[in-house]
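Note sheet for the following structure.
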Amino acid sequence: QKEVEQNSGPLSVPEGAIASLNCTYSDRGSQSFFWYRQYSGKSPELIMFIYSNGDKEDGRFTAQLNKASQYVSLLIRDSQPSDSATYLCAVNQAGTALIFGKGTTLSVSS
Amino acid sequence: NAGVTQTPKFRILKIGQSMTLQCTQDMNHNYMYWYRQDPGMGLKLIYYSVGAGITDKGEVPNGYNVSRSTTEDFPLRLELAAPSQTSVYFCASRREQGGQPQHFGDGTRLSIL
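Printed below as a string of structure tokens:
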């Protein structure tokens, strides 16, 4: 059974701090990795995706991938109250559906 | 730019009733998916399709049926609604090239009473 594990949280950080969200996956054949943000009562929206080992930066967001350790993370710099949401990690092999973790709830206090 | 459109947004059903959740996408994506999300839980795959005429079961297919007669549409059918099917249902699509991300519809909130 392919699994994606996330700490459910809640992760609480003050405004302006760095939030670090972590995810591990069981399938070594996974090829692409995604972070989605989901506000309460809304659908998931794509934040970032990463395919290669290392870091990928997009504005305040940085995704980090370590395939040897089967680990992917999302860093949010200068966290804002509007970043408060559930963050879903998802992984897939080519040709299959994404497998989602249960999500980590982030709370940013002002 | 509509993207993935789901209807209805909300629905209340009685036990034993049937209904179809509609999903359509205008991005010419060949891959489409149906997920359900229970409170505090992640997304569980119900069915997916890799193209018109091709469907396959996901993790939790029991109690559901799908069809894919066109590239755009991927309806989900509940034949005999049960309380355990109370959930939020999300449809998603993507273009299968190099592991492209999935794009989600706004969801259908379904209650079975």
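Protein chains in written order, with this note's numbering: chain Z, 653 to 762; chain P, 2 to 114. Glycine residues also receive a C-beta, built at the ideal position from the N, C-alpha and C atoms. Note that the coordinates shown come from a computational prediction; the quantities given were computed from them, not determined experimentally.
Scanning its chain for C-beta atoms nearer than 8 Å, with the 5 sequence neighbours on each side dropped, one finds around P/Q101 the residues R95, in chain order. Taking C-beta atoms as the reference points, P/L114 and P/S88 fail to come closer than 8 Å.
Residue Z/A669 holds the alpha-carbon nearest to the alpha-carbon of Z/D730 among Z/A669, Z/S664 and Z/C675. Against Z/K754, the close residues of chain P are M42 and G43, in the order they occur along the chain (beta-carbon pairs closer than 7 Å). Listed along chain P is no residue with a C-beta nearer than 7 Å to that of Z/L673; the closest approach is about 14 Å. Among the CB atoms of chain Z, none fall inside 8 Å of the CB of P/Q26. The straight-line gap separating the alpha-carbon atoms of Z/Y703 and Z/V743 is approximately 10 Å. The beta carbon of P/E80 is closer than 7 Å to those of S19 and N66 in its chain, skipping five residues each way along the sequence. The beta strand (DSSP E) runs of length 3 or more contained entirely in the segment 676 to 743 of chain Z are, from start to end of the chain, 684 to 690, 697 to 702, 706 to 710, 713 to 718 and 723 to 728.
A Cβ-Cβ separation of about 18 Å leaves Z/T756 out of contact with Z/S678 under the 8 Å criterion. Annotated three-state conformation of Z/P662 is coil, per DSSP. Look at Z/S759 here: in three-state DSSP terms it is strand.
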